[in-house]
Amino acid sequence: MKITNICCIGAGYVGGPTMAVIAHKCPDIKVTIVDLNAERIAAWNDENTDNLPVYEPGLDEIVLSARGRNLFFSTDVEKAIDEAQMIFISVNTPTKTYGLGKGKAADLKYIELCARQIAAVAKDDKIVVEKSTLPVRTAEAVRSILDSTGNGVKFQILSNPEFLAEGTAVEDLLQPDRVLIGGDTDAEGQAAINALVDVYANWIPKDRILTTNVWSSELSKLTANAFLAQRVSSINAMSELCEKTGADVNEVARAIGMDSRIGSKFLKSSVGFGGSCFQKDILNLVYIAKSYGLDEVADYWEQVIIMNDHQKRRFAANIVKTLYNTVSGKKITFLGWAFKKDTNDTRESAAIYVADDLLHEQANIAVFDPKVEETTIFRDLDYLATRKPEENKAGVTVFQDPYEACRDTHAIAILTEWDEFKGYDWQKIYDNMKKPAFVFDGRNVLNGKELKEIGFIFTGVGKAY
Ligand code: NAD
Ligand code: UDX
46 MKITNICCIG
56 AGYVGGPTMA
66 VIAHKCPDIK
76 VTIVDLNAER
86 IAAWNDENTD
96 NLPVYEPGLD
106 EIVLSARGRN
116 LFFSTDVEKA
126 IDEAQMIFIS
136 VNTPTKTYGL
146 GKGKAADLKY
156 IELCARQIAA
166 VAKDDKIVVE
176 KSTLPVRTAE
186 AVRSILDSTG
196 NGVKFQILSN
206 PEFLAEGTAV
216 EDLLQPDRVL
226 IGGDTDAEGQ
236 AAINALVDVY
246 ANWIPKDRIL
256 TTNVWSSELS
266 KLTANAFLAQ
276 RVSSINAMSE
286 LCEKTGADVN
296 EVARAIGMDS
306 RIGSKFLKSS
316 VGFGGSCFQK
326 DILNLVYIAK
336 SYGLDEVADY
346 WEQVIIMNDH
356 QKRRFAANIV
366 KTLYNTVSGK
376 KITFLGWAFK
386 KDTNDTRESA
396 AIYVADDLLH
406 EQANIAVFDP
416 KVEETTIFRD
426 LDYLATRKPE
436 ENKAGVTVFQ
446 DPYEACRDTH
456 AIAILTEWDE
466 FKGYDWQKIY
476 DNMKKPAFVF
486 DGRNVLNGKE
496 LKEIGFIFTG
506 VGKAY
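Count along the sequence shown starting at 1, add 45, and that's the number in this note's numbering.
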């Protein structure tokens, strides 16, 4: 079957960029991205691409190249489902905050809603593609809902997890290491797989398009994120040992990374990993393992999260300890709030947790981030429900200018590795700060030697300065 009409449910960080790239690369396919969130859809349709709801380098050009031609953003979910031959489900799958599996299992209510809506609307055969990250064996539940209508419509269910990382989404989508497609092993399943392979083959070499059974595909996504996060927790565990022993974690990372069996990527020690995926997906993996009675497997992966929580907490504790055991009433400046550079996404950002700890110690926090909006910062803190929103408002001030954020501050903490931080006039920042002037570089991006020469008391991660 040749696909000419695609619908994607969910216009978020994954749905938006992935479908924009498909539309950009496949001018013969009409791609409609739908979402219940009318504000989000309006932002995707905004003439001014600075207002797109997702910031990703290069995304504006991709959207502009296809929007109105074969790429459409709409709130009319039913119409788009009805017209499409292939429907991607790209809705959010957060950790459950209630009931059975609370705090670990993935909340699949949005997935179920999509399946029910597809079942209700579809009048002809459809291929349904799981793009969201899902627990292994979710396709079984999706199938049961889709097949429950008994109206004779046949559905094929594929798993096509997304491996893009935020901040490099466009690059990752244009030149992915691989595309993974899982489907049924019978002839109809293979035909559905081939239809999706043909879409990607418009720009991706066939040897990078991997096909498997549905369960391998679903589980591979959770496994990939668990392995990546595990590398960060592993190097962060070593960072603490480095600080005690005089070793330098950057040197250790370089030394081990040159071993081709280990590889050099994902060995940057930091204040701790964030983002919407790693924690959620590992907790989900832990829950799945436990539900099969595999306690050792569950405990093994949970340790990656425990280590990450420890890394965030000890960063905050080190600030308090270094500032003479009290930050009460002191201004502490955060440079960066996003969970990594080149994104406006803050979900699970380490900054949120470090801020929470320091607010608990009665610090006054000043925040500057080049892409994150003030409302997002307060939403993140309020979501923790540690204290009243008025108290968060009283304890945190958001600045539009980094130099103002650093004026009269006792200490600066780098929470995100934005490139522009390296090019700041650090002498000017020093001159306008309280003395002694402290810098805590949670991303090891600044030149500690130069900052110390200026007069800063400098601390990074994983190195005794
Ligand atoms: P997101 O929250 O940015 O976007 C999801 C969108 O789906 C929201 O705009 C929401 O309004 C919409 N939605 C929810 N239910 C809907 C419904 N019934 N009908 C229409 N729209 C609905 O989430 P995201 O970051 O794009 O993640 C989506 C999925 O992709 C998740 O499963 C996530 O784990 C996975 N994933 C995310 C990333 C990433 O980097 N963010 C990478 C790979 C995979
Ligand atoms: C991740 C996966 O990389 C991606 O394949 C998947 O599709 C979604 O989840 P993302 O969360 O967008 O992507 O960003 P990623 O680059 O993986 O970074 C995650 C977190 O780990 C960030 O907070 C980042 O700063 C941190 N990190 C990453 C480190 O601290 N050190 C590293 O060496 C790498």
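For glycine and all other residues, C-beta sits at the position ideal for the given N, C-alpha and C.
Straight across, the Cα-Cα distance linking V136 with I54 is about 6 Å. Contiguous alpha helix (DSSP H) elements confined to the region 411-494 occur at 419-429, 434-440, 447-451 and 471-476, taking only those with 4 or more residues. Around the beta carbon of F272, fewer than 16 other beta carbons sit within 10 angstroms, so the residue counts as exposed.
Fewer than three beta-carbon pairs drawn from the region 264-281 and the region 490-503 are found closer than 8 Å, and the two stretches are therefore not classed as touching.
Taking the Cα of D401 as reference, the smallest distance to any Cα among V417, N437, D344 and K386 is reached at N437. Listed by position along the chain, the residues with Cβ atoms less than 6 Å from a non-hydrogen atom of ligand 2 are E207, F208, L209, A210, E211, N270, L273, V277, F311, L312, K313, S315, F318, G319, G320, C322, F323, F384 and K385. When distances are taken from the beta-carbon of A87 to the heavy atoms of ligand 1, even the shortest one reaches 7 Å or more.
Between A395 and G317, the CB-CB gap stays under 8 Å. In the displayed model, E175 falls within a strand according to three-state DSSP.
Here the alpha carbons of A165 and V59 stand approximately 25 Å from one another. Short of 7 Å from the beta carbon of D80, and not among the five residues preceding or following it, lie these beta carbons of its own chain, in chain order: G55, A56, I86 and T120. The region 208-217 makes no contact with the region 166-176; the number of CB pairs closer than 8 Å stays below 3. Taking the Cβ atoms as the reference, A408 lies roughly 6 Å from K375, within the contact range of under 8 Å.
Counting along the chain, M352 sits inside the alpha helix (DSSP H) bounded by residues D340 to T367. C-alpha of L255 to C-alpha of A214: approximately 20 Å in a straight line. Within the region 83-142, the beta strand (DSSP E) runs of at least 3 residues that lie entirely inside it are, in chain order, 116-119 and 131-134. T63: member of the alpha helix (DSSP H) spanning G60 to K70, first to last residue. Straight-line measurement puts the Cα of C159 at about 24 Å from the Cα of N239.
Contact check for F118 against N96 fails: the beta carbons are separated by 8 Å or more. As a beta-bridge residue in DSSP terms, S204 pairs with E175 and G227. When secondary structure is reduced to three states using DSSP, T183 falls in the helix class. Your pair L225 and S177 does not check out as a contact, with CB atoms roughly 14 Å apart and the cut at 8 Å. Relative to Q220, the option among V66, K479 and K433 whose CA is nearest is V66. For K147, the three-state secondary structure derived from DSSP is coil. Within the region 364-393, the complete beta strand (DSSP E) runs of at least 3 residues fall at 376-380. For ligand 1, a non-hydrogen atom lies closer than 7 Å to the CB of S135. Below 8 Å, too few C-beta pairs join the region 246-254 and the region 282-298 to call them touching: fewer than three. Sequence-distant partners of E123 (beyond 5 residues in either direction) whose C-beta falls short of 6 Å from its own C-beta, in its chain, are V166. By the beta-carbon neighbour count (other beta carbons within 10 angstroms, threshold 16), G487 is buried. Proximity to Q445 across Q472, I422 and S193 peaks at I422, based on C-alpha coordinates.
Taking 8 Å as the cut-off, the Cβ atoms of D464 and K385 do not count as close.
Here the alpha carbon of I397 sits roughly 26 Å from the alpha carbon of L179. Remark: the C-beta of V66 is outside contact range of ligand 1, defined as less than 7 Å to any heavy atom.
Between the alpha carbons of D192 and K171 lies a gap of roughly 12 Å.
At least one heavy atom of ligand 1 is found less than 7 Å from the C-beta of D80. With respect to the C-alpha of Q356, the residue from G338, V506, N489 and V108 having the closest C-alpha is V506.
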